[in-house]
Amino acid sequence: MPSVDIAQYKDGDFLVNYEEKVFEDVKAEPGEKALITFHTIAFEGSIGLVNMLQAKRLLRKGFETKVLLYGPGVQLGVQRGFPTLGAEAFPGHLAVNNQIKAFMEEGGEVYACRFALQALYGQTEKALIEGIRPINPLDVMDLRLLMRREGALIIDTWTA
Numbered sequence: 345m346p347s348v349d350i351a352q353y354k355d356g357d358f359l360v361n362y363e364e365k366v367f368e369d370v371k372a373e374p375g376e377k378a379l380i381t382f383h384t385i386a387f388e389g390s391i392g393l394v395n396m397l398q399a400k401r402l403l404r405k406g407f408e409t410k411v412l413l414y415g416p417g418v419q420l421g422v423q424r425g426f427p428t429l430g431a432e433a434f435p436g437h438l439a440v441n442n443q444i445k446a447f448m449e450e451g452g453e454v455y456a457c458r459f460a461l462q463a464l465y466g467q468t469e470k471a472l473i474e475g476i477r478p479i480n481p482l483d484v485m486d487l488r489l490l491m492r493r494e495g496a497l498i499i500d501t502w503t504a
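Per our numbering, the very first residue in the sequence shown carries number 345; after that it's consecutive.
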């Protein structure tokens, strides 16, 4: 049987060269915009959390950044918690909610489709995290078209 004769890794060891940056650190030009859309099943994978982190990164790079929650994606913007709203049942339970709140605190805008809230999930506008703007279902396409017209970077998230 072959033997592996290397020391056991330990906390603090580096496994990769995380300091090497291959590409320039791009910052937004004045007036540049970004839109990230979520038509994704909330909490069924990491895409909601990962793209909220992307939205925050774009915002911090100077892009006027908006997030659109529609279809099943509206569930990302609903208040959560257990045993009460805002209470974290276990570490990370409210990770997406916390990212959305932080994104808005830093100046990002979040919109949620009223059709999906009511017709698909039986929720009211009062269930949304404070600061999320509910919009008419007809505004979903118009927001995308306005952002396209303004030359925005658009990242679409579809998982369902």
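A virtual CB, placed ideally from N, CA and C, is assigned to each residue, including glycine.
So, at 6 Å on beta carbons, what are the nonlocal neighbours of residue i in its own chain, with the 5 sequence-adjacent residues on each side left out?
i             : result
leucine 497   : Ala378
glutamate 376 : Phe407
leucine 402   : Ala378, Thr409
lysine 494    : In the sequence as displayed, the identity of residue 494 is glutamate instead of lysine. If we look at glutamate 494 and ignore the five residues flanking it on each side, its Cβ neighbours are Lys377.
Around the C-beta of residue i, are 16 or more other C-beta atoms found within 10 angstroms, so that it is buried, or is it exposed?
i                 : result
isoleucine 350    : exposed
phenylalanine 367 : exposed
leucine 506       : Outside the displayed range of the chain (345 to 504) lies residue 506, so it cannot be described from this structure.
lysine 365        : exposed
valine 348        : exposed
leucine 472       : buried
Residues in the same chain with beta-carbon distance under 7 Å from residue i, minus the five sequence neighbours each way, listed in chain order, please.
i                 : result
phenylalanine 426 : Ala433
leucine 429       : Gln423
proline 481       : Cys457, Arg458, Phe459
Give me the Cβ distance between residue i and residue j, rounded to the nearest whole Å; I'm assuming they're in contact under 8 Å.
i              : j              : result
isoleucine 476 : valine 454     : 5 Å
glutamine 443  : lysine 400     : 7 Å
threonine 501  : isoleucine 385 : Actually they are not in contact, since the Cβ atoms of threonine 501 and isoleucine 385 sit about 10 Å apart, beyond 8 Å.
histidine 383  : glycine 415    : 4 Å
alanine 460    : valine 418     : 4 Å
Just to confirm my understanding: we take residue i, look at its own chain, exclude 5 residues before and 5 after, and list those with CB closer than 8 Å. What are they?
i            : result
leucine 487  : Leu379, Lys410, Leu412, Tyr455, Ile479
alanine 499  : Looking at the sequence shown, residue 499 is not alanine but isoleucine. If we look at isoleucine 499 and ignore the five residues flanking it on each side, its Cβ neighbours are Ala378, Leu379, Ile380, Thr381, Asn395, Gln398.
leucine 393  : Ala439, Val440, Gln443
arginine 492 : Ile498
Looking at residue i and the ligand GDP, is the gap between the Cβ and the nearest heavy atom below 7 Å?
i             : result
glutamate 408 : With respect to the ligand GDP, the structure shown offers nothing to examine, as it has no ligands at all.
- Examine the Cβ distances between the region 432-447 and the region 457-466 and report whether three or more of them are shorter than 8 Å. no
- Message: Threshold first: 4 residues or longer. Then list the alpha helix (DSSP H) segments lying entirely within the region 399-444, N to C.
- Response: none
- Length-filtered (3 minimum) beta strand (DSSP E) runs lying within the region 437-498: The beta strand (DSSP E) runs lying completely inside the region 437-498 and spanning 3 residues or more are 453-457, 477-479, given in chain order.
- Item | Whole alpha helix (DSSP H) elements within the region 347-405, 4-residue minimum | 391-404
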